[in-house]
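Below is one structure, written out as C-alpha coordinates; comments come after it.
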Amino acid sequence: MRLLKNIFFVFIFVIVGLYLGGKHGIYLTENNIVDLGATAGNLLYPLFWLIMAVVGGILSGLTGLIIVIILSRFHKPNKDKRLNNNYKKGAEFKPWGMEQNQFCMLLHLSQFASLLIPLAGIVLPIAMWASNKGQSELVDKQGKNILNWLISCLIYLVISSILSFILIGIPLLIILGICSLIFTITGAIKANDGSVYTYPLTMTFIR
(Lines of atoms letter the chains of each structure in order from A; the text may use other names.)
(Lines give C-alpha, C1' and ligand atoms only; values in the text may rest on other atoms or scores of the structure.)
Protein backbone atom coordinates (compact mmCIF):
# COMPACT_ATOMS: atom_id res chain seq x y z
CA MET A 72 0.00 0.00 0.00
CA ARG A 73 2.83 2.41 0.87
CA LEU A 74 4.49 1.69 -2.49
CA LEU A 75 1.26 2.49 -4.37
CA LYS A 76 0.96 5.76 -2.45
CA ASN A 77 4.51 6.72 -3.42
CA ILE A 78 3.90 5.91 -7.09
CA PHE A 79 0.66 7.91 -7.06
CA PHE A 80 2.47 10.79 -5.36
CA VAL A 81 5.15 10.92 -8.09
CA PHE A 82 2.50 10.52 -10.81
CA ILE A 83 0.62 13.58 -9.50
CA PHE A 84 3.87 15.57 -9.60
CA VAL A 85 4.41 14.53 -13.23
CA ILE A 86 0.87 15.52 -14.28
CA VAL A 87 1.15 18.91 -12.55
CA GLY A 88 4.57 19.47 -14.15
CA LEU A 89 3.23 18.64 -17.61
CA TYR A 90 0.38 21.11 -17.19
CA LEU A 91 2.51 23.93 -15.76
CA GLY A 92 5.27 23.38 -18.32
CA GLY A 93 2.83 23.55 -21.21
CA LYS A 94 1.09 26.63 -19.78
CA HIS A 95 4.45 28.33 -19.30
CA GLY A 96 5.38 27.59 -22.91
CA ILE A 97 2.11 29.13 -24.13
CA TYR A 98 2.67 32.17 -21.92
CA LEU A 99 6.18 32.72 -23.30
CA THR A 100 5.01 32.61 -26.91
CA GLU A 101 1.77 34.57 -26.50
CA ASN A 102 3.63 37.41 -24.78
CA ASN A 103 6.40 37.37 -27.41
CA ILE A 104 9.00 36.52 -24.77
CA VAL A 105 10.02 33.71 -27.11
CA ASP A 106 9.76 34.54 -30.82
CA LEU A 107 10.14 31.56 -33.15
CA GLY A 108 9.59 33.56 -36.31
CA ALA A 109 6.45 34.31 -38.28
CA THR A 110 6.97 31.64 -40.95
CA ALA A 111 8.36 28.77 -38.92
CA GLY A 112 6.44 29.72 -35.82
CA ASN A 113 3.24 27.93 -36.81
CA LEU A 114 5.16 24.66 -36.86
CA LEU A 115 7.60 25.32 -34.03
CA TYR A 116 5.15 26.68 -31.46
CA PRO A 117 3.40 23.33 -30.81
CA LEU A 118 6.80 21.64 -30.62
CA PHE A 119 8.01 24.31 -28.18
CA TRP A 120 4.91 23.83 -26.01
CA LEU A 121 5.41 20.05 -26.06
CA ILE A 122 9.07 20.33 -25.06
CA MET A 123 8.21 22.75 -22.26
CA ALA A 124 5.50 20.36 -21.02
CA VAL A 125 7.90 17.38 -21.11
CA VAL A 126 10.64 19.32 -19.33
CA GLY A 127 8.12 20.46 -16.72
CA GLY A 128 6.86 16.92 -16.23
CA ILE A 129 10.37 15.51 -15.90
CA LEU A 130 11.52 18.17 -13.44
CA SER A 131 8.35 17.87 -11.38
CA GLY A 132 8.42 14.05 -11.44
CA LEU A 133 12.09 14.06 -10.46
CA THR A 134 11.26 16.40 -7.58
CA GLY A 135 8.50 14.09 -6.41
CA LEU A 136 10.81 11.07 -6.67
CA ILE A 137 13.51 12.80 -4.61
CA ILE A 138 10.92 13.75 -1.97
CA VAL A 139 9.74 10.12 -1.77
CA ILE A 140 13.33 8.89 -1.41
CA ILE A 141 14.09 11.41 1.32
CA LEU A 142 10.90 10.62 3.24
CA SER A 143 11.53 6.88 2.94
CA ARG A 144 14.81 7.32 4.81
CA PHE A 145 12.87 8.58 7.82
CA HIS A 146 10.40 5.70 7.68
CA LYS A 147 11.38 3.05 10.20
CA PRO A 148 9.47 -0.24 10.12
CA ASN A 149 8.61 -1.89 13.41
CA LYS A 150 10.91 -4.44 14.97
CA ASP A 151 8.98 -7.50 13.77
CA LYS A 152 9.00 -6.23 10.20
CA ARG A 153 12.74 -5.62 10.35
CA LEU A 154 13.26 -9.16 11.56
CA ASN A 155 11.14 -10.56 8.72
CA ASN A 156 13.01 -8.47 6.16
CA ASN A 157 16.48 -9.77 6.90
CA TYR A 158 18.30 -10.50 3.65
CA LYS A 159 17.67 -14.03 2.43
CA LYS A 160 20.93 -14.71 0.67
CA GLY A 161 20.12 -18.32 -0.02
CA ALA A 162 18.61 -19.65 -3.20
CA GLU A 163 15.28 -20.32 -1.44
CA PHE A 164 14.07 -16.74 -1.95
CA LYS A 165 12.37 -16.29 -5.31
CA PRO A 166 11.14 -12.76 -6.01
CA TRP A 167 7.81 -12.88 -7.83
CA GLY A 168 8.31 -16.65 -8.19
CA MET A 169 11.49 -16.30 -10.28
CA GLU A 170 15.13 -17.09 -9.68
CA GLN A 171 16.97 -14.04 -8.38
CA ASN A 172 19.22 -13.73 -11.44
CA GLN A 173 16.24 -13.89 -13.79
CA PHE A 174 14.34 -11.35 -11.71
CA CYS A 175 17.31 -8.96 -11.73
CA MET A 176 17.61 -9.36 -15.49
CA LEU A 177 13.94 -8.41 -15.90
CA LEU A 178 14.50 -5.57 -13.45
CA HIS A 179 16.95 -4.02 -15.92
CA LEU A 180 14.81 -4.80 -18.98
CA SER A 181 11.69 -3.33 -17.34
CA GLN A 182 13.05 0.11 -18.26
CA PHE A 183 11.91 -0.61 -21.83
CA ALA A 184 8.29 -0.68 -20.62
CA SER A 185 8.10 3.04 -21.45
CA LEU A 186 8.10 2.04 -25.11
CA LEU A 187 4.61 0.59 -24.54
CA ILE A 188 3.23 2.76 -21.73
CA PRO A 189 4.52 6.27 -20.87
CA LEU A 190 6.47 6.37 -17.58
CA ALA A 191 6.07 2.59 -17.11
CA GLY A 192 9.84 2.24 -17.55
CA ILE A 193 10.26 4.32 -14.40
CA VAL A 194 7.38 3.04 -12.28
CA LEU A 195 7.89 -0.69 -12.96
CA PRO A 196 11.61 -0.91 -11.98
CA ILE A 197 10.89 1.07 -8.80
CA ALA A 198 7.99 -1.24 -7.93
CA MET A 199 10.05 -4.39 -8.60
CA TRP A 200 12.96 -3.09 -6.52
CA ALA A 201 10.92 -1.68 -3.63
CA SER A 202 8.84 -4.84 -3.20
CA ASN A 203 11.89 -7.13 -2.86
CA LYS A 204 14.82 -4.97 -1.70
CA GLY A 205 14.36 -5.98 1.94
CA GLN A 206 14.64 -9.69 1.18
CA SER A 207 17.50 -9.86 -1.29
CA GLU A 208 20.80 -8.01 -1.16
CA LEU A 209 21.33 -8.74 -4.86
CA VAL A 210 17.98 -7.22 -5.84
CA ASP A 211 18.65 -4.24 -3.59
CA LYS A 212 22.01 -3.47 -5.21
CA GLN A 213 20.70 -3.95 -8.74
CA GLY A 214 17.67 -1.76 -8.03
CA LYS A 215 19.74 1.06 -6.56
CA ASN A 216 22.03 1.07 -9.59
CA ILE A 217 19.02 1.23 -11.92
CA LEU A 218 17.33 3.97 -9.90
CA ASN A 219 20.53 6.05 -9.88
CA TRP A 220 20.74 5.68 -13.66
CA LEU A 221 17.09 6.66 -14.14
CA ILE A 222 17.57 9.84 -12.11
CA SER A 223 20.82 10.62 -13.96
CA CYS A 224 19.13 9.93 -17.30
CA LEU A 225 16.29 12.30 -16.46
CA ILE A 226 18.79 15.04 -15.65
CA TYR A 227 20.65 14.45 -18.93
CA LEU A 228 17.31 14.44 -20.77
CA VAL A 229 16.31 17.81 -19.34
CA ILE A 230 19.67 19.35 -20.24
CA SER A 231 19.56 17.91 -23.77
CA SER A 232 15.97 19.10 -24.27
CA ILE A 233 16.92 22.64 -23.29
CA LEU A 234 19.99 22.59 -25.56
CA SER A 235 17.88 21.30 -28.46
CA PHE A 236 16.77 24.89 -29.10
CA ILE A 237 20.31 25.63 -30.29
CA LEU A 238 20.55 22.26 -32.11
CA ILE A 239 23.34 20.99 -29.82
CA GLY A 240 20.84 19.02 -27.77
CA ILE A 241 19.49 16.98 -30.69
CA PRO A 242 22.62 14.81 -31.14
CA LEU A 243 22.89 14.62 -27.34
CA LEU A 244 19.37 13.16 -27.19
CA ILE A 245 20.32 10.57 -29.80
CA ILE A 246 23.51 9.66 -27.91
CA LEU A 247 21.56 9.44 -24.65
CA GLY A 248 19.07 7.04 -26.25
CA ILE A 249 21.84 4.83 -27.63
CA CYS A 250 23.69 4.79 -24.30
CA SER A 251 20.50 3.93 -22.42
CA LEU A 252 19.85 1.02 -24.79
CA ILE A 253 23.40 -0.34 -24.51
CA PHE A 254 23.68 0.12 -20.74
CA THR A 255 20.31 -1.51 -20.06
CA ILE A 256 21.02 -4.58 -22.20
CA THR A 257 24.51 -4.91 -20.69
CA GLY A 258 23.06 -4.67 -17.19
CA ALA A 259 20.48 -7.36 -17.99
CA ILE A 260 23.16 -9.73 -19.32
CA LYS A 261 25.38 -9.14 -16.30
CA ALA A 262 22.45 -9.63 -13.93
CA ASN A 263 21.56 -12.95 -15.54
CA ASP A 264 25.12 -14.06 -14.76
CA GLY A 265 24.74 -12.96 -11.14
CA SER A 266 26.91 -9.84 -11.45
CA VAL A 267 26.05 -6.33 -10.29
CA TYR A 268 26.49 -3.80 -13.12
CA THR A 269 26.96 -0.08 -12.48
CA TYR A 270 25.84 2.00 -15.45
CA PRO A 271 28.54 4.37 -16.79
CA LEU A 272 27.86 8.12 -16.51
CA THR A 273 25.68 7.47 -13.47
CA MET A 274 25.49 9.96 -10.62
CA THR A 275 25.05 8.29 -7.24
CA PHE A 276 22.00 9.52 -5.36
CA ILE A 277 21.05 6.33 -3.50
CA ARG A 278 23.71 4.26 -1.77
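Mapping of the sequence shown onto my numbering: residues 72 to 278, in sequence order. Heads up, the beta-carbon is just placed ideally off N, CA and C, and yes, glycines get one too.
- Of L228, L234, V267 and K261, the smallest CA-CA separation from I249 is found for L228.
- DSSP, read as helix, strand or coil, puts K165 in coil.
- For A198, the uninterrupted alpha helix (DSSP H) run begins and ends at A191 to A201, by DSSP.
- Using a Cβ-Cβ distance cut-off of 8 Å, the stretch 258 to 272 and the stretch 197 to 204 are not in contact, since fewer than three pairs of beta carbons, one from each stretch, lie closer than that value.
- The criterion of a C-beta distance shorter than 8 Å is not satisfied by K212 and V125.
- The residues T255, G258, A259 and A262, in chain order, have a CB closer than 6 Å to that of H179 in the same chain once the five nearest residues on each side in sequence are set aside.
- Taking the C-beta atoms as reference points, S223 is found nearer than 8 Å to M274.
- DSSP places V229 inside the alpha helix (DSSP H), whose first and last residues are E208 to L234.
- The Cβ-Cβ distance between I277 and L218 falls below 8 Å.
- When DSSP states are grouped into helix, strand and coil, I239 belongs to the coil group.
- Excluding its 5 nearest sequence neighbours in each direction, M176 has C-beta neighbours in its own chain below 8 Å: A259, I260, A262 and N263, listed in chain order.
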